[in-house]
Every structure is written in structure tokens, then in C-alpha cells.
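**Q** Position 191, counted from 1, in the sequence shown is what UniProt numbering calls 191; the numbers after and before it change by one each time, with no gaps. Note that the Cβ used here is the ideal one computed from N, Cα and C, for glycine as well.
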Amino acid sequence: MQASQQHRSSVMASRLYHQIKQEVEPEPYWFPQLPPTDPSLCYSDGFHFSVESSNENFCTLESSSANGSYTAYNSTSLVGFSPNGSPMSQQDSQSYPSDLHHSPDNNGGSPISGSCVTDDVSDLRDKLKELETVMLGPDSDVIDSKTSLEMGTWRLVTDAISRGDLKQVLVFCAKALSDNDLLMAQWLMDELRRMESVSGEPIQRLGAYMLEGLVARLASSGSSIYKALRCKEPKSADLLSYMHILYEVCPYLKFGYMSANGAIAEAMKDEDRVHIIDFQIAQGSQWITLIQAFAARPGGPPHIRITGIDDSTSAYARGGGLNIVGKKLSKLAEYFKVPFEFHAAAMSGCEVQREHLQVRPGEALAVNFAFMLHHMPDESVSTENHRDRLLRLVKSLSPKVVTLVEQESNTNTAPFFPRFLETLNYYTAMFESIDVTLPREHKERIDVEQQCLARDVVNIIACEGAERVERHELLGKWRSRFRMAGFTPYPLSSLVNATIKTLLENYCDRYRLEERDGALYLGWMNRDLVASCAWK
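1. How is Asn526 classed by DSSP in three states: helix, strand or coil?
2. Pick helix, strand or coil for Gln94, following the three-state DSSP scheme.
3. According to DSSP, is Arg516 helix, strand or coil?
4. As a quick exercise: from Ile324, Arg483, Glu196 and Ile309, pick the residue whose alpha carbon is nearest that of Met347.
5. When the Cα of Ala531 is compared with those of Lys167, Met258 and Arg440, which residue comes out closest?
6. Go through its chain and collect everything with a Cβ distance to Glu248's Cβ below 8 Å, but skip five positions before and after it.
7. Looking only at its chain, what residues have a beta carbon closer than 6 Å to the beta carbon of Glu266, apart from the 5 residues adjacent to it on each side?
8. Buried or exposed: where does Arg387 fall if 16 or more other Cβ atoms within 10 Å of its Cβ makes it buried?
9. Using a 10 Å radius around the Cβ and a threshold of 16 neighbouring Cβ atoms, would you call Met484 buried or exposed?
10. In angstroms, rounded to a whole number, what distance separates the CA positions of Phe487 and Phe417?
11. Between which two residues does the beta strand (DSSP E) containing Glu341 stretch?
12. Check the C-beta distance from Val458 over to Glu212 and give it rounded, since I have them as a contact under 8 Å.
13. Output yes or no for whether 8 Å exceeds the beta carbon distance between Ala364 and Arg273.
14. Alpha carbons only, please: which of Tyr521, Ser241, Met210 and Ile277 is nearest the one belonging to Ile460?
15. Compute the Euclidean distance between the alpha carbons of Ala519 and Arg471, then round it to the nearest angstrom.
16. For Asp528, count the other beta carbons within 10 Å of its own beta carbon; 16 or more makes it buried, fewer makes it exposed. Which is it?
17. Using CA atoms only, rank isn't needed, just tell me which of Arg445, Gln450, Thr411 and Trp535 is closest to Cys463.
18. Where Phe369 and Leu393 are concerned, what is the direct C-alpha to C-alpha distance, given to the nearest angstrom?
19. Keeping to the same chain, check which residues put their C-beta closer than 8 Å to that of Tyr511; ignore five residues upstream and five downstream.
20. For Arg273, does the three-state DSSP call read helix, strand or coil?
21. Determine the burial state of Ser86: buried for a count of at least 16 other Cβ atoms within 10 Å of its Cβ, exposed for fewer.
22. Starting from the Cα of Ser241, find the closest Cα among Glu444, Arg360, Ala454 and Gly326 and give me that residue.
23. Measure from the alpha carbon of Glu355 to the alpha carbon of each residue in Gly362, Thr307 and Glu341, then state which is nearest.
Written out as C-alpha cells, the structure reads:
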């Protein structure tokens, strides 16, 4: 008899909970419905992911106001989920004051993060309190655990929205998408559109692009996402300009190039003929300072030959083929009286074979992998495993030194939700560091973030399989790959480390440089962002 009463109490509590939840869920103006996927989905202007609906305009990178001010809160912790689905907390990269910003269009003075759901959040809380009173009575020990968990999660979600906590709402949205709770995901996307701004605080700007990735993942799949991401490029001269601005305002690229060049210069200090294979030569900017350093070498410069392997994005930014890079470097070498040759290999890393590299006897060989290997598919994507194949190929050439520079992030084989959390934390630090250099309303800053960073963010979140080309690994994993290919660590130069420390003095003091386990790490506050090391 007692068991029967407990069962009826549990059922009644569960029904009450779901009745309350249904009161909130079914209204169509609270949950905008995505239209059927259009296979011609495409960025129509710049980096614009277009999803149209008769009633709702979905957030795109172009649709966000560049002038409006939006609500931005950032708590000191980030809510995630344990494997059993219960909430847990992760430390945020940086906390921000919880002062309330208002939109110039919001004359009433209420926060922009308010919505048709959160306008009456007190009423929702009253209902949840009523439910809690029923469920926490003498028979609470027999309450269905799934119902209790859903109620707790629902409360956390509504609290995050009422606080305007963009970062936590992003996490809840990604979790809903991961769990295939599409109704919840669509509602949270609508709430996120009220919070993000490409000209706001770092988390608001990043939030716009993270939301873009979530919308893309929900609205489409496979090749249509990838084609949409690459459908519309900026003018080549503009893209090159954006890359240059990023190079100047953030030390990440300079750090990578300087650390690699230092290892190569140290290894080649007594060589007369040097062959450098650069697996992603881009604009060739990395080699300008190395040519100058070799020109000043006691006893005269060596003969230098550079083999440059291309990638389509760099070719587009240059507005032409590798001959542009070859002419620029040849002219520089001639000015500094350095004997120089340039060999162009216009192909992706996946296509490179030994015969393309034209290795000659009598030359000391250096190989440079700067921000490139993470684009190579590994064994989780293709049986060809170009990531490890290239390392074995390079090892067979008996190089004197091989340099590796990569983002210190773990997005290669991680499932969607942990990959989303990793991307959110990594790029939060990246956007915070940009924020101290370029004003938020700076038009070029918006372009730099959209064209140089946002595409990577959307690719990591929205794409899977071969279409997901941004596949970063932590240095520990790279070490395993290099060792399996037969490499041993090459010691770092203390002189190079001191030079990089001097470089960082020109930037914000929140950047940090750390040497550990034979590698150099450049970070922002407590987050490692780029790692550099050398092998032989």
C-alpha cells in the first residue's frame, strides 16, 4: 500500500514537472523553427552564412550590428557536463565585471538579453518552486531521477539566460545539440542572437562566430557546410592585408617563425649549402629575417635553396602563384648578397612525394612545419594517414633539423561537445588578447577576426570527417608522432629564447613565455596557445 502511494506521488510530481515544461516549450514564438536545409546554402556576402525564414532572421557574421551595444556578462566559471549529464564547472580564462550594457535602440532601458521567455522568468521560478515543494516532500526519495535532472538543468539554463551569461548559454546550446534536443537548441540560438555582437566584448564577438558554427551544424551537414564556408572569399588584397594585421598585432605568428628560424640558424651555422623545405610557405615572410641573419654570418653566407609548398588559401591571398614568393625572396637575397635559389612545389601537403622535393646530395636539409600539420588528415580520417606519412617521408630524407609550430589545442579526434568546449576556451583567450591591441569598433579588427579566425572556428564546430580541416593536437600527441617516425628532440637555443622574450616586451604583459620539456610555449594568462619545438 505504501509503495503504491509512493509511486502515485512520483508520477504526480513527474506530470507536474512536464506540465510546467510544456507551458514554456510549445509556443512557436518562443522556439523559432529552422527551415528545411537548402543545398545551395552559401555565404552571400563576405563571411555570411545565410539561413532564411519567413519569421526569423538567423544570426550571421554579416548580420550582426557593428555599431550596436549588447549585453555581455561573463562569470568566473563555465558550466559543462559530466559524462552522466550532470552540471559541472570549469574555470574561465578571464572574468569580466557584470555591469549591464544597454542597446542605443533599447529606450526602455531593459537588458537586451530579455526575451519573451525571460520577460516572465519570475513566474517560471514560482512554478519551479511549486514543483520543488511537491517533489521534496516525504516521498522525494522515489522521484524519477531523470525528471529531477531535467528540472535542475532547466533551472540552470533559465538562470544563465536571465543573467545574460553568454558563455554558459553557448555551452547549454552545444550540449542540447550534442544530445539531439533540437527544440532546446533552437530556442537557445534565438537567445544567443540577443547577446552576441561582432563589435562587443571578446566573448560577444567570439559568441557570434560560435553561434554561426552551431547554426551551420544544425542546418546542414557534410559537403554543403564546407562549400558554404568557402563560397565567398574577400578580395585577395584585402585578405592579405588582414593576415598582415594579425601578424603585427599578435605575437603568435612571430613567435612561431622566430623560434623555428632560431633552431634552423643554430643547426646550419657551419654549413655551406642549405636546403630549406617549407611545407606551407604562404607569403614567404618567415624567411626574410633568416636570410638577413645568414648574410651577417661570420665567414660569409651559405648558398640557400628554399622549396616552397603551397596551399590554396595562401595562393588566393597572394593573388598569384608561388612565383610571386620566389621573386620577392630572390630580390631580398640579392640585396644582401646571399646566393639563393627558389623551387616551387604548387600542391597540398597530401600530394607531396619524395620526387617533388628535389633533395640534392651535399646540401644540409632543414624542414619547416609551421602551423601546417594540423591540416593533414590522420588515421581517424583516412587510411592514407597523411599526417604520419609526411613525417616518415621527411625522416627518410635525413634532415639536420625539423621545426614544428602548432596551436596548443585538442580538437582532432574529440567528439563534438568536448571539442566545442575546447574551442570556446582556446578562442576566448585569443579574442581577449586581440582586444588589448585593436579598438572594438575598429573596422579592420572585425575583418581580421572574421576572415582569419572565424572561419576556423566554424569549421571546427560545424564540420565532420574530411570537411573538418582544422584538426589541432596537443604537443604531447605531436611528440608521439615524431618519435614513432624515428625523430629525436633537437635542443633549443638559449639565445633564441632570450630573443623571443625581448620580442614579447613590445606586447601586453599578460602574454607569457614558458620553456618546459624541451619546447617553448606562448600563452595568454593561464592558457597555452602556441607550442614550438625542433627535431632531428
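**A** A quick look at the data gives this:
1. In the structure shown, Asn526 sits in coil (DSSP, three-state: anything other than H, G, I, E or B).
2. Confidence is the limiting factor: at Gln94 the pLDDT is only 41, short of 50, which leaves the residue's position unreliable, though a coordinate-based value still follows. DSSP, read as helix, strand or coil, puts Gln94 in coil.
3. Under the three-state reduction of DSSP, Arg516 is assigned to strand.
4. Out of Ile324, Arg483, Glu196 and Ile309, Ile309 has the C-alpha closest to the C-alpha of Met347.
5. For Ala531, the nearest C-alpha among the options comes from Met258.
6. Excluding residues within five positions, none has a Cβ falling inside 8 Å.
7. Shown here for Glu266: same chain residues with a beta carbon closer than 6 Å to its own, the five before and five after excluded, namely Ser493 in chain order.
8. Arg387 sits buried, since 16 or more C-beta atoms from the chains shown fall within 10 Å of its C-beta.
9. Exposed is the label assigned to Met484, since fewer than 16 other Cβ atoms lie within 10 Å of its Cβ.
10. Pairing Phe487 with Phe417, the inter-Cα distance amounts to about 34 Å.
11. Its beta strand (DSSP E) spans residues Phe340 to Ala345.
12. Contact holds; Cβ gap of about 5 Å.
13. Result yes, Cβ atoms of Ala364 and Arg273 sit closer than 8 Å.
14. Of all alpha-carbon atoms in Tyr521, Ser241, Met210 and Ile277, the one lying nearest the alpha-carbon of Ile460 is that of Met210.
15. Ala519 and Arg471: Cα-Cα distance of roughly 21 Å.
16. Here Asp528 is buried. Its C-beta has 16 or more other C-beta atoms within 10 Å.
17. Comparing Cα positions, the closest option is Thr411.
18. One C-alpha to the other measures close to 13 Å.
19. Taking Tyr511 as the centre and dropping the five residues before and after it, the same chain places the C-beta of Pro251, Ser433, Leu504, Leu522, Gly523 and Trp524 closer than 8 Å to its C-beta, in chain order.
20. Arg273 sits in a strand when the DSSP states are folded into three classes.
21. Because Ser86 sits at a pLDDT of 37, beneath the cut-off of 50, its placement in the model cannot be relied upon, and the point is left open.
22. For the options Glu444, Arg360, Ala454 and Gly326, the alpha carbon positioned closest to that of Ser241 is the one of Glu444.
23. For the options Gly362, Thr307 and Glu341, the alpha carbon positioned closest to that of Glu355 is the one of Thr307.
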